[in-house]
Amino acid sequence: MLTPEKVKAMIASLLSCEYLEVEGDGHHFFAQIVSTAFTGKSRLARHRMIKDGLAQQIASNELHALSITTAATPAEWAAKQH
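For the sequence shown, position 40 matches number 40 in my numbering, and the numbering has no gaps at all.
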């Protein structure tokens, strides 16, 4: 069974993250991702970067459900923290 730590490692292998937090119960996971790789990309494109990178795990049902609750650049994340 997947753990939040394993999902976090999968995401970290896709892109460099300034902040990455994953919570979940083994079936459903929620991720907050902050990365400079998102700069200039739409919300949809950011989500696709992650989902496309995890397509094999999703297709095999190893990763059943991943909700990306935050996909922000460092500047966007900093602005939300104030």
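For each residue, glycine too, the CB sits at the ideal point set by N, CA and C.
ask   = Per the contact definition of three or more C-beta pairs closer than 8 Å, is the stretch 26–34 in contact with the stretch 57–77?
value = yes
ask   = Got a sec? Which residues, its chain only, sit under 8 Å from A37 by beta carbon, not counting five neighbours each side?
value = L15, S16 and M49
query = Since A37 is in the beta strand (DSSP E), which residue starts that stretch and which ends it?
reply = No beta strand (DSSP E) contains A37, which DSSP labels as neither H nor E.
query = By Cβ distance below 8 Å, which residues in the same chain neighbour E87 in space, the five residues on each side in sequence not counted?
reply = The question about residue 87 has no answer here: the residues shown for the chain are numbered 1 through 82.
query = Is R46 near A12, with beta carbons less than 9 Å apart?
reply = no
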